[in-house]
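Respectively, the protein sequence lines represent chains A, B, C and D. According to the working numbering, the residues represented by the first sequence are 192 to 513, in order. According to the working numbering, the residues represented by the second sequence are 192 to 513, in order. According to the working numbering, the residues represented by the third sequence are 192 to 513, in order. According to the working numbering, the residues represented by the fourth sequence are 192 to 513, in order. Okay, structure first, notes after.
Number of protein chains: 4
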Amino acid sequence: MRKSSLFKKMNIYVDLAVEAHELLRGETGREVSGVVMQKEEIGPTSVTTITIINKKGEKVLGRPKGNYITIDAPHIKDNNPQQHKELAEILARHLAKLLKLNEDTSILIVGLGNWQATPDALGPKVVEKVLVTRHLFHYTPEDVRGKMRKVSAISPGVLGLTGIETAEVIHGLVQHVKPDYVIAIDSLAAGDLSRIGTTIQLADTGINPGSGIGNHRKGLTEETLGCKVIAIGVPTVVNAAVIAHRTVEELFSQMESEPSLAQIYTEENEQVLINIMKKALSPFQDSLMVTPKEVDELIDNSSRIIAKALNLSIHPEITDYN
Amino acid sequence: MRKSSLFKKMNIYVDLAVEAHELLRGETGREVSGVVMQKEEIGPTSVTTITIINKKGEKVLGRPKGNYITIDAPHIKDNNPQQHKELAEILARHLAKLLKLNEDTSILIVGLGNWQATPDALGPKVVEKVLVTRHLFHYTPEDVRGKMRKVSAISPGVLGLTGIETAEVIHGLVQHVKPDYVIAIDSLAAGDLSRIGTTIQLADTGINPGSGIGNHRKGLTEETLGCKVIAIGVPTVVNAAVIAHRTVEELFSQMESEPSLAQIYTEENEQVLINIMKKALSPFQDSLMVTPKEVDELIDNSSRIIAKALNLSIHPEITDYN
Amino acid sequence: MRKSSLFKKMNIYVDLAVEAHELLRGETGREVSGVVMQKEEIGPTSVTTITIINKKGEKVLGRPKGNYITIDAPHIKDNNPQQHKELAEILARHLAKLLKLNEDTSILIVGLGNWQATPDALGPKVVEKVLVTRHLFHYTPEDVRGKMRKVSAISPGVLGLTGIETAEVIHGLVQHVKPDYVIAIDSLAAGDLSRIGTTIQLADTGINPGSGIGNHRKGLTEETLGCKVIAIGVPTVVNAAVIAHRTVEELFSQMESEPSLAQIYTEENEQVLINIMKKALSPFQDSLMVTPKEVDELIDNSSRIIAKALNLSIHPEITDYN
Amino acid sequence: MRKSSLFKKMNIYVDLAVEAHELLRGETGREVSGVVMQKEEIGPTSVTTITIINKKGEKVLGRPKGNYITIDAPHIKDNNPQQHKELAEILARHLAKLLKLNEDTSILIVGLGNWQATPDALGPKVVEKVLVTRHLFHYTPEDVRGKMRKVSAISPGVLGLTGIETAEVIHGLVQHVKPDYVIAIDSLAAGDLSRIGTTIQLADTGINPGSGIGNHRKGLTEETLGCKVIAIGVPTVVNAAVIAHRTVEELFSQMESEPSLAQIYTEENEQVLINIMKKALSPFQDSLMVTPKEVDELIDNSSRIIAKALNLSIHPEITDYN
């Protein structure tokens, strides 16, 4: 039975391009057409760049053309400041490649997600920590010009708090602030437990409908906003259906010698399995998340790493802002 | 020496129309032309409505035509829930008069001010507590239509936090949300200590440049936003210059029998006094605020009263939301 | 295969006495010795009181003698203020039965859990909202005596934030404050998804080691603290192993006609199933929680209901504090 | 008229020893007996150490024997990360001199003050940012022993929030945690505006009754707690009476050529002036604070500097924790 098809039918959106790609490759056993993958190792950290180069790649991976950079860093979860600093520097280097900065570049950082629900609070926490400078250009332009870029930052909240779609808030803002780049930060939902708190994804393709924990219904892309949109995310949850699915997989792999079971575990019975998993998750439907107890530390660590990387890549002249 | 002229020269903006009016009346001893005042007593609470009816009134009071309703309620500061409830009901009644509601009315509540500085956090605190309903009309219109009005609510932050002028954020939002009313909540600066935590001001004239603790540089008015703008505020601070001024006043009133002092205390010497006060406030210029130690309780009490009044006046069918 | 034995082996602690009781009754099909159960229906709300009357009951249910009152209230999750008020009144009535109040009774309310992790933040949120009065007895005894009881309230934080065991903080406090009652509020872990956000548990037996999301290692009981300890909790999560277990259960119930499967699903194979579930949850061990996306609303609603119930039952003379 | 006597009569407590000392020296024009002062300049920063060496010194300065180290650093207010880092290092060096650390030293950091009132939130903000390690010694002693010291940290809240005296909470904790040092962090009230946000005070004499914005009524000292108590504070407010007093001073210094005024401004008339100032501050008594509008930035900057200095001095082996 195909995991990718099953996830689709159970409304499990996998935010990481690298996971979507692994899913496909694992199932077909060959290269995915229209997609190029590159790997790089830096000490304990590995960086995988997946580039979707054409329509075909867009279709199979279900996301738009562009670069999806995944930093695998199991030590986000550890409380090792030296490693966090190195991680921030790696992220900053990749960010710097996506940003074409000059003296007048203006950047709007958007912290997506719900600050009242810890697993979804990555974006707002980064916004709290990032260096905001746009207003200084009004007051003391001589002090900042050449040393800093114009940065504004806002956390628009979520629909349940404000009654307004995130995209509505951001569209309105972009029309007034007129940034060259929007950088959107978001908590992500992974397809596998091992991704929680161990991965940073960076993409130059914007935020797409259906992604993020809060399932934004409208996208934030260059097409809709009229400026480049860069997305940074860290998986902090998996959908609970992932646990149900893994349990089924483990059960069948354990019992594969049983012919009667092998028979059940076939394409034809996909709907049976979906029903079993749905029952296991009732009375909730798609809205259960699985998250580690220490999610507050995870959010704290990753928001510090991302804020530091943003400061480093946007204001390379300022060396010591934490 | 005229207090009104002195305040202007020292950059002390008085947010309360009722204070501006008292200042003028006190100095001239007669009715202010172009301005109508009405008073009403409800138990321990008195309500003063100042209506600026023409250009002349606009000029002398330094604010636009419209209604400025001041509720004098010394018991905001007390922890008496029964009195707070009555106060919320009085405020709700006056709000209801300014809002022409029908089934489809859409209201955007804006919490002005800085949530990280307690005396300036009234607006954001009200937004946290108010009932937000606009998104329910997408999901369960049959449940809410006829029982609730569409309410969205946002706290845009302040320039120092976001790098974006509040007015820029709100203009962008209004273009997308297209509300019939914007209701802006703000912490105010009073001209007199006795106003702190004892007064609620309600106006149908919007927020004007230079008002509020954060001194918004651009206004939020029907003219700029294209919809009715109602403002609600509570004084939580006075500018420290007010203390310096009161000290001078008290000193001279104490010593008025001294002819040499009487001589000093004249129009001609206004600049001398301004210099004295400025020295007393150095090295700070206009940025010192005076606030009670218990400002957190004051913000907590007044935000609950205002949120309750908003819920009562906007959704009169819902009787028990706190 | 016994669910109760399986849960034990997988380190799944079930906080609700009513669940532990159901588990046992379901498996044995008869009354549990040493335990008395009573049910009461009030409109849409049902209240189940489980009383453990002797050592035998203590042993089978794995918790100390005393009363465990479970309020089943599916409408905690709904945003219906009228129903929340009724729920608060029901809880207040049961609380009042456990508290023997006189004019001088002193109560210490303890908000257990981690305010930085939303699903675990119920206790701290209640402490924020509850009426604190103990200091008023120093300042204005004549105003409060006879109208209020002495209430102090604190959120001690969790080990990861403070480096101090919760029980150490509370023991120290109790020695100084010398309350007649400690009321401890905590987010709970349920054994079944249907309990999340639909149940309030009230017990007069204190908090026991191993309970709560944060798995307190030391108990808070009359024995250790020297005063009566009442516990109030709402389930906000289940351990992720519960999802894995339910998936297995659903799978087997679906396929029970298969004789080869029926054979697998027996006592002897318990360890096989435990291994399957553990693999499904790796690389995490016991530390994954499952929680609804809207956990912030759940915490907000339940903390308001509990704070209101505390105020109503402790200060019956004050009728309108929200 | 003596400022020191006037302040006393108006209940203005001056938290900084260096100010108390200046007051005395300014008035008497000679060395203060029982007190030794030393000065050191490090770039833009000057460090003044005042040591009270005997009973006589205790009496004149109104505080106990010991060292009061004042770091004058006008750049706390600037957003210059390089200067903040240098400041943290200077503070860390002086802290290290007061702490006799060995491998097993245990330190309890106490964040005094009210987290809900920004000017009073310095202590709680430092506690949020400091590295807490005591619990790691239970779990992974081999990883931390020799590299870290045992640090626990708590913000006990204020009387108005908890109903419990801060000293009661801390006494109870110290009995259980048994630290070698308590380090208490607090927002301070200065005697002069120029001290706000420009000064850090470090003392090895504990916290004394009547000090701090919240006016702790009971002290935290070696005598009461049974362990060394170090206090770190930053002035974030002045009492509003300071503004009134400065206004009077400026007025008289401006007009000193007036013989009639010179006459008024004498010891005999002290009470007249006190009455004038009290009227200028009515209807408030001692509870008005004056604070800059940007107090949130001040608290943010100084809490980061202090947390960094604590980490640096307590765990010198860990070089890069921010």
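Positions of the beta carbon are idealized from the N, C-alpha and C atoms, including for glycine.
If I measure Cβ to Cβ from residue i and keep anything under 7 Å in the same chain, skipping five residues before and after, which residues do I get?
i: residue 309/A; result: 486, 487, 490
i: residue 474/D; result: none
i: residue 482/A; result: 310, 427, 428
i: residue 216/B; result: 223
i: residue 418/A; result: 365, 370, 371, 372, 373
i: residue 320/A; result: 494, 495, 498
Counting only C-beta atoms, is residue i closer than 9 Å to chain B at any point?
i: residue 300/C; result: no
i: residue 490/C; result: no
i: residue 462/D; result: no
i: residue 228/D; result: no
i: residue 307/D; result: yes
For the alpha helix (DSSP H) holding residue i, just list the boundary residues, first then last.
i: residue 388/C; result: First-last for residue 388/C: undefined, no H or E at that position.
i: residue 498/D; result: 486-505
i: residue 332/D; result: 332-335
Counting only Cβ pairs nearer than 7 Å, list the residues of chain D close to residue i.
i: residue 385/B; result: 474
i: residue 506/C; result: Per Cβ cutoff of 7 Å: no residues; residue 506/C is ~13 Å from chain D at best.
i: residue 359/C; result: 367, 368
i: residue 413/B; result: Going along chain D, no residue has its Cβ under 7 Å from residue 413/B, so there is no contact; the nearest lies around 29 Å.
i: residue 442/B; result: 439, 442, 467
Do residue j and residue i come within 9 Å of each other at the CB atom, strictly closer than that value?
i: residue 248/D; j: residue 225/D; result: yes
i: residue 337/D; j: residue 305/D; result: no
i: residue 381/C; j: residue 374/C; result: no
i: residue 345/B; j: residue 317/B; result: no
i: residue 207/B; j: residue 194/B; result: no
i: residue 368/A; j: residue 297/A; result: yes
Under 8 Å Cβ to Cβ from residue i, same chain only, skipping five residues before and after it: list those, please.
i: residue 257/D; result: 242, 243, 394, 395, 396
i: residue 465/D; result: 197, 200, 201
i: residue 362/B; result: 415, 416
i: residue 180/C; result: Since the first residue shown for chain C is 192 and the last is 513, residue 180/C is missing from the structure and cannot be characterised.
So, for residue i: in the same chain, excluding its five sequence neighbours on each side, which residues have a beta-carbon less than 6 Å away from its beta-carbon?
i: residue 287/A; result: 504
i: residue 205/C; result: 211, 382
i: residue 271/B; result: none
i: residue 424/D; result: 377, 379, 392
i: residue 492/A; result: 267
i: residue 499/A; result: 279
i: residue 508/A; result: 338
i: residue 289/A; result: 395, 421
What does residue i touch in chain B if you count any residue whose Cβ is under 7 Å from its own?
i: residue 353/A; result: 323, 343, 344, 345
i: residue 348/A; result: 345
I'd like to know whether the C-beta of residue i is nearer than 9 Å to at least one C-beta of chain C.
i: residue 373/D; result: no
i: residue 363/D; result: yes
For the beta strand (DSSP E) that contains residue i, what are its first and last residues?
i: residue 374/D; result: 372-381
i: residue 259/A; result: 257-263
i: residue 298/C; result: 297-302
i: residue 426/D; result: 419-430
i: residue 237/D; result: 236-243
Residue i CB to nearest chain D CB: under 9 Å?
i: residue 436/C; result: no
i: residue 356/B; result: no
i: residue 315/B; result: no
Run down chain C in chain order and give the residues with a C-beta less than 8 Å from the C-beta of residue i.
i: residue 304/D; result: Per Cβ cutoff of 8 Å: no residues; residue 304/D is ~15 Å from chain C at best.
Find the residues of chain A that neighbour residue i, judging by a C-beta separation of less than 8 Å, and give them in chain order.
i: residue 509/D; result: 272
At 7 Å on the CB atoms, spell out the chain C contacts of residue i, in chain order.
i: residue 470/A; result: 441
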